[in-house]
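What follows is a short report on a single structure.
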Amino acid sequence: GRPNIYGQVRAYPDLIQESLFEYIDNKKYVTEFMEIGYGRYDISSVRYSESSLIAMAGASYQIYQPGEVIGTINEGYAFDDVDGQELDGPDKATGEIVQQATTNSIVEGIYAGGQISVRLVKNNDFDYFFDAVKPLDVTFILNVTYNTASGTVTKNITVNGTLISATLTDDGAIIDPVQWYTFVFNDLTGADINETPATATINTTYFQITQYESLAVGPFFAAVESTYLWIHMSANQANGKKGPVLLTWWKVDDDNNIIPGTQQSMQVNVNNNTGYYDYVYYTYKIQPTAGKGRYAFTARRLNNAANDNTVYLLAAHSINIRQNVVYPADTLVKLTVMETENASGIKERKYNLLAQRRVISYNRTTGEVDYTLRASRSFADAVLHEWVMVAKQDVNRLDLPTLYAIADSLDDEQLGYFDYTFSDAKQSLGERIQTICNAARVDINWIGDMLTFWRDEKVDVPAAVFGRSNMFWDEFRMGYSMSLPNGYDGITLDYTDPRTNKKAYIYLSVSTDGISEVPASTENAMTISLAGCRNELQALNRAYLEANRLVHSRLSMTVKVFETTQVVRGAVIQCPDMYDNEQQTGY
Numbered sequence: 015g016r017p018n019i020y021g022q023v024r025a026y027p028d029l030i031q032e033s034l035f036e037y038i039d040n041k042k043y044v045t046e047f048m049e050i051g052y053g054r055y056d057i058s059s060v061r062y063s064e065s066s067l068i069a070m071a072g073a074s075y076q077i078y079q080p081g082e083v084i085g086t087i088n089e090g091y092a093f094d095d096v097d098g099q100e101l102d103g104p105d106k107a108t109g110e111i112v113q114q115a116t117t118n119s120i121v122e123g124i125y126a127g128g129q130i131s132v133r134l135v136k137n138n139d140f141d142y143f144f145d146a147v148k149p150l151d152v153t154f155i156l157n158v159t160y161n162t163a164s165g166t167v168t169k170n171i172t173v174n175g176t177l178i179s180a181t182l183t184d185d186g187a188i189i190d191p192v193q194w195y196t197f198v199f200n201d202l203t204g205a206d207i208n209e210t211p212a213t214a215t216i217n218t219t220y221f222q223i224t225q226y227e228s229l230a231v232g233p234f235f236a237a238v239e240s241t242y243l244w245i246h247m248s249a250n251q252a253n254g255k256k257g258p259v260l261l262t263w264w265k266v267d268d269d270n271n272i273i274p275g276t277q278q279s280m281q282v283n284v285n286n287n288t289g290y291y292d293y294v295y296y297t298y299k300i301q302p303t304a305g306k307g308r309y310a311f312t313a314r315r316l317n318n319a320a321n322d323n324t325v326y327l328l329a330a331h332s333i334n335i336r337q338n339v340v341y342p343a344d345t346l347v348k349l350t351v352m353e354t355e356n357a358s359g360i361k362e363r364k365y366n367l368l369a370q371r372r373v374i375s376y377n378r379t380t381g382e383v384d385y386t387l388r389a390s391r392s393f394a395d396a397v398l399h400e401w402v403m404v405a406k407q408d409v410n411r412l413d414l415p416t417l418y419a420i421a422d423s424l425d426d427e428q429l430g431y432f433d434y435t436f437s438d439a440k441q442s443l444g445e446r447i448q449t450i451c452n453a454a455r456v457d458i459n460w461i462g463d464m465l466t467f468w469r470d471e472k473v474d475v476p477a478a479v480f481g482r483s484n485m486f487w488d489e490f491r492m493g494y495s496m497s498l499p500n501g502y503d504g505i506t507l508d509y510t511d512p513r514t515n516k517k518a519y520i521y522l523s524v525s526t527d528g529i530s531e532v533p534a535s536t537e538n539a540m541t542i543s544l545a546g547c548r549n550e551l552q553a554l555n556r557a558y559l560e561a562n563r564l565v566h567s568r569l570s571m572t573v574k575v576f577e578t579t580q581v582v583r584g585a586v587i588q589c590p591d592m593y594d595n596e597q598q599t600g601y
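Taking the working numbering, I'd label the letters of the sequence shown as residues 15 to 601.
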């Protein structure tokens, strides 16, 4: 779920999309859009780990409050299989055969429109070329016949071309149908094809396809549809060296086959013209004319590599550009940092910031809700905001006078702070309200359809007084335990340290000598985690409450009375000890 922050916390924002980088003037700039939280916040102290972000070279950030227009979001998706491949030059070509298939019988061959189509009965030797990723650079041999001035010529011709599609059809028979492969080639080159007229007849006597080892890196396939491609390259070059690279891209269908007519190419120059750097970095931004779609691409180096001239394909992204984006209910941050020259592509994100929630409040004078958003750490404001603004519940079902009377009665406002992040979207409203109240030692009661509140603390006036005259003697019980409940001998309470953002601990010992702070946990301490607490005063206050509860919960009393007043959980009552015969009252 989206972070739902209350009070003031040091938040570690979550990415809303993949991290995206580009190289500008030989520097790597990383841009990330991150979700701070649901609602509106005051933001301060933006850091990377413990360092101020704005003190870092080339670093900047921008906060977008709910409803603000974000002019442009470049939404990038990485090509998972592009990861620093080295591009070899033409001098590394070996001419080794990768795959070859031959048949002495084809069904049909057609030469037209600068393409050659060959149909043959399905042959397992050709399965590789049927299944291969296309387009695929191949060399193929056909037997052709054509007329010349000196007579008819019949011969085998060798053609360099690109296998752009392969289909499988059959004759429609239900039992043992005849199946045919049809291969289509374009980009036909070579001396033989240049000498062969378009009117030539392709004979059915011979057909061979050969794939030789290629120096092109790829093809690489995008995971999503996009309108742009960003291809990132680098070179380790001496000053003045050049690295021309041919980038070729095309749109593909769901089976990764090329969509005819979408192939394009562009030559780029990965050159060291800086006069200074050994390493140079480039980002090439491509907008395919075929429009939005899923693309594949290859990269081929056009000159020879050398020890002082090595070119790499670092990474690639499919890019969709979103314009005038608005998030109506969330606060976002755009972070841009300049990474070091040889920074690794993967690093732990340690961006953090102080976020203080703006919430609605309650006007004690008028008794009305004040819907103006203000920064607040009060548990009472958090309860009201969560109930009304987040959960969209009826404000009249909250006992607001009691809630804010408790908040106003605290000796120190820190005792009523609630600094916490809700992140579980499935957590019920009741659980969230109880978590908020718990930080301030407050509990809740339902009286009819009204939610009311009480604080676990000493009171000056009891809510009810039971006397001997309205109590049943025969159902009066008192119990006393000689040991602490469950054998506990202390309290271990953890809260969040506001400086380190990690757990801090308070240890109390409960013994015959009383309650005291100790440097480490006792042997059998009751452990308590105080969610929403980020200050020691509040944590210590709660720890002593729990320690006193251990001591005083050893005494129990059961009474039955004549009483018409409803006494709810958390109310303090005054009651006599019926076993006390030395005094008439014995309260």
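Note that beta-carbon positions come from the ideal geometry of N, C-alpha and C, so glycine has one too. Given the structure is predicted, the values throughout are model-derived calculations rather than measurements.
- In the DSSP secondary-structure assignment, P258 is bridged to N283.
- Taking a contact as a CB-CB distance under 8 angstroms, the pair L229 and R314 counts as one, their CB atoms being some 6 angstroms apart.
- The bridge partners DSSP lists for T572 are R491.
- Inter-residue distance for S59 and A252 is about 43 angstroms (C-alpha atoms, whole angstroms).
- Residue environment: D395 is assigned as buried (16 or more neighbouring CB atoms within 10 Å of its CB, all protein chains considered).
- Distances from the alpha-carbon of V339 to those of Y521, Y43, E89 and L34 put E89 closest.
- The Cβ atoms of L67 and M48 lie no closer than 8 angstroms to each other.
- A534 and F576 have their alpha carbons spaced roughly 49 angstroms apart.
- For F393, the secondary structure class from DSSP, reduced to helix, strand or coil, is helix.
- Straight through space, the alpha carbons of R391 and R24 are spaced by roughly 13 angstroms.
- For Y290, the three-state secondary structure derived from DSSP is coil.
- Cβ-Cβ distances below 6 angstroms link T276 to W264, K265 and A304 in the same chain, with the five nearest sequence neighbours on each side left out; the list follows chain order.
- Counting C-beta atoms within 10 angstroms of its own C-beta, G175 has 16 or more neighbours from the protein chains shown and is therefore classed as buried.
- Contact between T241 and K306 holds: CB atoms are separated by about 5 angstroms, below the 8 angstroms threshold.
- Here the alpha carbon of K41 sits roughly 10 angstroms from the alpha carbon of T297.
- Residue environment analysis places D94 among the exposed positions, since fewer than 16 neighbouring C-beta atoms fall within 10 angstroms of its C-beta.
- Residue V404 holds the alpha-carbon nearest to the alpha-carbon of G444 among V404, G493, G481 and D474.
- Assigned with DSSP and collapsed to three states, S442 falls in coil, not helix or strand.
- Under the DSSP assignment, Y431 falls outside any beta strand (DSSP E); it carries neither an H nor an E label.
- Under the Cβ criterion (8 angstroms, minimum of three pairs), the segment 469-489 does not count as touching the segment 501-518.
- Secondary structure of E82 (DSSP, three-state): coil.
- DSSP assignment within the segment 86-166 yields the following whole beta strand (DSSP E) runs of 3 residues or more, N-terminal first: 99-101, 111-117, 122-126, 129-135 and 150-162.
- Using a Cβ distance threshold of 8 angstroms, I447 and I458 count as a contacting pair.
- By the Cβ rule, the segment 204-211 does not count as touching the segment 276-290, because fewer than three pairs are nearer than 8 angstroms.
- Note on geometry: alpha-carbon atoms of T380 and G493 lie some 48 angstroms from one another.
- Taken atom to atom, the span from the alpha-carbon of S567 to that of S495 is near 9 angstroms.
- Under the three-state reduction of DSSP, I335 is assigned to strand.
- Between the beta-carbon of V259 and that of V325 there is about 6 angstroms, and that keeps the pair under the 8 angstroms contact cut.
- For V532, the CB contacts under 8 angstroms within the same chain, skipping 5 residues up- and downstream, are G504, Y521, L522 and S523 in chain order.
- Inside the segment 188-225, DSSP marks whole beta strand (DSSP E) runs of 3 or more residues at positions 193-203, from first to last along the chain.
- Of all alpha-carbon atoms in P233, N200, I542 and S164, the one lying nearest the alpha-carbon of I130 is that of N200.
- In the three-state scheme derived from DSSP, where H, G and I count as helix and E and B as strand, V347 is classed as strand.
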